[in-house]
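Number of protein chains: 2
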Amino acid sequence: MITVTMRLARRVQPLGCVLALRFLVLVLWDVPAAWALDNGLATTPTMGWLHWERFMCNTDCEEEPDSCISEKLFMQMADLMDSEGWKEVGYEYLCIDDCWMAPQRDSKGRLQADPTRFPSGIHYLANYVHSKGLKLGIYADVGKKTCAGYPGSFGYYDIDAKLFADWGVDLLKFDGCYCDSVEQLANGYKHMSLALNKTGRSIVYSCEWPLYMWPFRKLVIGNFGLSWDQQITQMALWAIMAAPLLMSNDLRHISTQAKALLQNKDVIAINQDPLGKQGYLLRKEDNIEVWERPLSNLAWAVAMVNMQEIGGPRSFTINIASLGQGVACNPACHITELLPVKTKLGFYEWTSCLKTRINPSGTVLLRLESQTT
Amino acid sequence: MITVTMRLARRVQPLGCVLALRFLVLVLWDVPAAWALDNGLATTPTMGWLHWERFMCNTDCEEEPDSCISEKLFMQMADLMDSEGWKEVGYEYLCIDDCWMAPQRDSKGRLQADPTRFPSGIHYLANYVHSKGLKLGIYADVGKKTCAGYPGSFGYYDIDAKLFADWGVDLLKFDGCYCDSVEQLANGYKHMSLALNKTGRSIVYSCEWPLYMWPFRKLVIGNFGLSWDQQITQMALWAIMAAPLLMSNDLRHISTQAKALLQNKDVIAINQDPLGKQGYLLRKEDNIEVWERPLSNLAWAVAMVNMQEIGGPRSFTINIASLGQGVACNPACHITELLPVKTKLGFYEWTSCLKTRINPSGTVLLRLESQTT
Chain A
1 MITVTMRLAR RVQPLGCVLA LRFLVLVLWD VPAAWALDNG LATTPTMGWL HWERFMCNTD
61 CEEEPDSCIS EKLFMQMADL MDSEGWKEVG YEYLCIDDCW MAPQRDSKGR LQADPTRFPS
121 GIHYLANYVH SKGLKLGIYA DVGKKTCAGY PGSFGYYDID AKLFADWGVD LLKFDGCYCD
181 SVEQLANGYK HMSLALNKTG RSIVYSCEWP LYMWPFRKLV IGNFGLSWDQ QITQMALWAI
241 MAAPLLMSND LRHISTQAKA LLQNKDVIAI NQDPLGKQGY LLRKEDNIEV WERPLSNLAW
301 AVAMVNMQEI GGPRSFTINI ASLGQGVACN PACHITELLP VKTKLGFYEW TSCLKTRINP
361 SGTVLLRLES QTT
Chain B
1 MITVTMRLAR RVQPLGCVLA LRFLVLVLWD VPAAWALDNG LATTPTMGWL HWERFMCNTD
61 CEEEPDSCIS EKLFMQMADL MDSEGWKEVG YEYLCIDDCW MAPQRDSKGR LQADPTRFPS
121 GIHYLANYVH SKGLKLGIYA DVGKKTCAGY PGSFGYYDID AKLFADWGVD LLKFDGCYCD
181 SVEQLANGYK HMSLALNKTG RSIVYSCEWP LYMWPFRKLV IGNFGLSWDQ QITQMALWAI
241 MAAPLLMSND LRHISTQAKA LLQNKDVIAI NQDPLGKQGY LLRKEDNIEV WERPLSNLAW
301 AVAMVNMQEI GGPRSFTINI ASLGQGVACN PACHITELLP VKTKLGFYEW TSCLKTRINP
361 SGTVLLRLES QTT
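Now the structure itself:
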């Protein structure tokens, strides 16, 4: 049983692929982020770690032994996901991205891991990752080459699917570079999906980066480019949008603050809410966006985002009756602020107002628990 | 003796003003940032604090008594500039921006401070600021209204200049909203400059925001929207460009880290270098920009900026001979890293290389001291 991770065009690609990927995005946008394909798997967003945004295609293990794409890097991350509380809060998939392969297939047409950087091989790595109670993700491409120029899966879908299953891989990120036409790309995705299913191994095959929105579409909390308030906004919106929490950072070097944000159980609970409905933009007024998401047990999540980058913290007052399609707090609800600081705000009646302050580029994330009696 | 602060169009304006302001920008771009007008004042960039980017046009002192534009706000900032080491490192001007005025001129055609928010008046505030060893900046507009809609100086240049001088004001930021034509704007600036000169009081009249470049054109270190590496980049580039260090933040609530960066004496020394030459982009390769600035005593400042926002810290190697027009390190120099962490890197010969690592969106700032013997 199988799921496939697709990615949107991030590098220059033939026009056909770009078009096709955009089409796929539109399709995916309207479904819950966990794309279950009627396969019986849980419909909650994937959680894990992926190397690309932080380590990219660094293959120079001589000059940069600690940040090149190698089995050592993934084993270190697996150790930390296990020991530093990541696994415990739900980060389960450790995902290899592009640049893990040797430049050529072997004599039997099989992909091979780069022998210098992955001397023990992917099967060994999968076993290692499983021994930590985690799952391993791998990367391939539907076209003739991967985006970084390594061997593509075109013409080898069955061979590659069998190999990944034999290795014990649990997730495939299937990229969309180097195909000649939209048809080739669409057929390739379909073919790989069937090939993976035929292996009999359950491999996740789902949408990686669904968020094409401010401030950044990649989950890069703990890296270099986001202010603290921007990091809060990212985590809150990922939760509201039921987006896969595939972080890309360096778990060996992450601030206590960023780690606590990524491991915030209340926010993760919104992201993983079993109702499985994506949130939406309720309204935008004077540079403040209000997002909301229906949750199980008649609860709601509400995110108020201050899109203005200058100025100071802004006061913002919202009518309780306007939230949750008029029913979230009818006749009343308990409201808890989850971000930036967990605070019980108390009991609010349907006709009341909630006043808050939101930092520039920051977000206030609330959870509303219905009080029906 | 007089200098005038001009600002570039930041809000929607009549076309003529925008054109004129763009023209002025081009003119200013080629002159040292301290725009001395042959007036004998030092040619180092202005240093101080300005309320706009942090407090904007907040006039609601009832709801937000601590962040509305009022004499209390400026007196608090003056106290802190004096007591918290800002004055000591050179931040001298405390500048009021738009929204300080009452909505109407008085019966004699004079501007008045809003009586509720500035009950003691600007003269009193100037005296208070002077008593702290600081100087006071004020704001007016060349057109019929200020950008926020308060009374403009058009038709009142002589009255306003005399009033500012009588109040004891030390700097004028003269904005460019609400004029009917390019000619009106240019004539207005000229007229005000002459009017200020006639008062006999020395009032600074210079270019406020010269940096139209990545990452942000306003000096907002200590606020909400910049990561730590972006803040380092901002401070380094402000120094290289000899840009006026007019910060806009809340000195009552600023992190120790941001304060130390803004008060970094080595970086300020580059900004204020008496040679008075602006730096320039030396080259850009693979998303790393190298900037340099000639300093007094044959020293040079060099900033290497990692423009790539994703990935990890990047190794970067530079030929010493390529820096400072081939002479900075001929035959050798001592190099000190100033940012992100002050580190003596030691002695470098002309034919040697310097290897460093630069964080995404961050900068490594160096000072090269010539060793001629």
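Chains as they are written, first to last, in my numbering: chain A, 1 to 373; chain B, 1 to 373.
Glycine residues also receive a C-beta, built at the ideal position from the N, C-alpha and C atoms.
- Nearest to G149 of chain B by alpha-carbon distance, out of B:G168, B:Y178, B:F174, is B:Y178.
- According to the DSSP secondary-structure assignment, H334 of chain A is paired through a beta bridge with A:F347, A:E369.
- Interface annotation, G143 of chain B: not in contact with chain A, CB-CB separation never under 8 Å.
- In the DSSP assignment, W100 of chain B falls outside any beta strand (DSSP E), carrying neither H nor E.
- Straight across, the Cα-Cα distance linking E88 of chain B with L94 of chain B is about 14 Å.
- Of all residues in the region 54-69 of chain A, only R54, F55, M56, N58, E63, E64, S67 place a beta-carbon less than 8 Å from a beta-carbon of chain B.
- Within chain B, no C-beta atom comes less than 9 Å from the C-beta of E285 of chain A; the nearest is roughly 17 Å away.
- At a cut-off of 8 Å between C-beta atoms, P294 of chain A does not count as an interface residue with respect to chain B.
- Checking the DSSP bridge columns, you'll see K355 of chain A partnered with A:T317.
- The distance from the Cβ of L136 of chain A to that of D166 of chain A is about 13 Å, inconsistent with a contact at the 8 Å cut-off.
- Secondary structure note for Y157 of chain A: it is in no beta strand (DSSP E), and the uninterrupted alpha helix (DSSP H) holding it is 157-167.
- About 6 Å separates the CB atoms of L172 of chain B and I138 of chain B; that is less than 8 Å, so the two are in contact.
- Around the Cβ of D250 of chain A, a 10 Å sphere holds 16 or more other Cβ atoms; the residue is buried.
- Cβ-Cβ distances below 6 Å link L345 of chain B to I335, E337 in the same chain, with the five nearest sequence neighbours on each side left out; the list follows chain order.
- Listed as beta-bridge partners of R201 of chain A by DSSP are no residues whatsoever.
- Any Cβ of chain A closer than 8 Å to the Cβ of G133 of chain B would place that residue at the interface, and such an atom is absent.
- By the C-beta density criterion, L246 of chain B is buried, having at least 16 other C-beta atoms within 10 angstroms.
- The region 289-300 of chain A and the region 256-273 of chain A touch, with no fewer than 3 CB-CB distances between them shorter than 8 Å.
- Where M247 of chain B is concerned, the enclosing beta strand (DSSP E) starts and stops at 245-247.
- Put simply, the CB of I310 of chain B is near chain A, with a gap under 8 Å to one of its CB atoms.
- Non-local C-beta neighbours of I358 of chain B in its own chain, meaning closer than 8 Å and more than five positions away in sequence, comprise I288, M304, V305, N306, P313, R314, F316, V364, ordered along the chain.
- Per DSSP, V267 of chain B is not a residue of any beta strand (DSSP E); the alpha helix (DSSP H) it occupies stretches across 265-271.
- M304 of chain A sits in a strand when the DSSP states are folded into three classes.
- Of B:L111, B:D60, B:H130, B:C57, the smallest CA-CA separation from M77 of chain B is found for B:H130.
- Within its own chain, the residues whose Cβ lies closer than 6 Å to the Cβ of P340 of chain A, once the five positions on either side in sequence are excluded, are I232, listed in chain order.
- Taking a C-beta distance under 8 Å as the contact criterion, M235 of chain B and I221 of chain B qualify as a contact pair.
- Residues of chain A whose Cβ lies closer than 9 Å to the Cβ of V220 of chain B are, in chain order, E309, I310.
- Interface annotation, N223 of chain B: in contact with chain A, CB-CB separation under 8 Å.
- Take the alpha-carbon of M81 of chain B and the one of A242 of chain A: they are about 46 Å apart.
- For the 8 Å CB-CB criterion, A321 of chain B and W291 of chain B do not form a contact.
- Sequence-distant Cβ neighbours of N127 of chain B in its own chain, meaning closer than 7 Å and more than five residues away, are G168.
- Distance from the Cα of T256 of chain B is smallest, within the candidate group B:N223, B:K284, B:G279, B:K277, for B:N223.
- Nearest neighbour of D79 of chain A by Cα position, chosen from A:T372, A:R252, A:L366, turns out to be A:R252.
- Taking the CA atoms as reference points, S352 of chain B sits about 16 Å from R367 of chain B.
- Q112 of chain A and Y124 of chain A have their C-alpha atoms some 13 Å from each other.
- Runs of the beta strand (DSSP E) lying entirely within the region 72-131 of chain B, each at least 3 residues long, are 93-95 in chain order.
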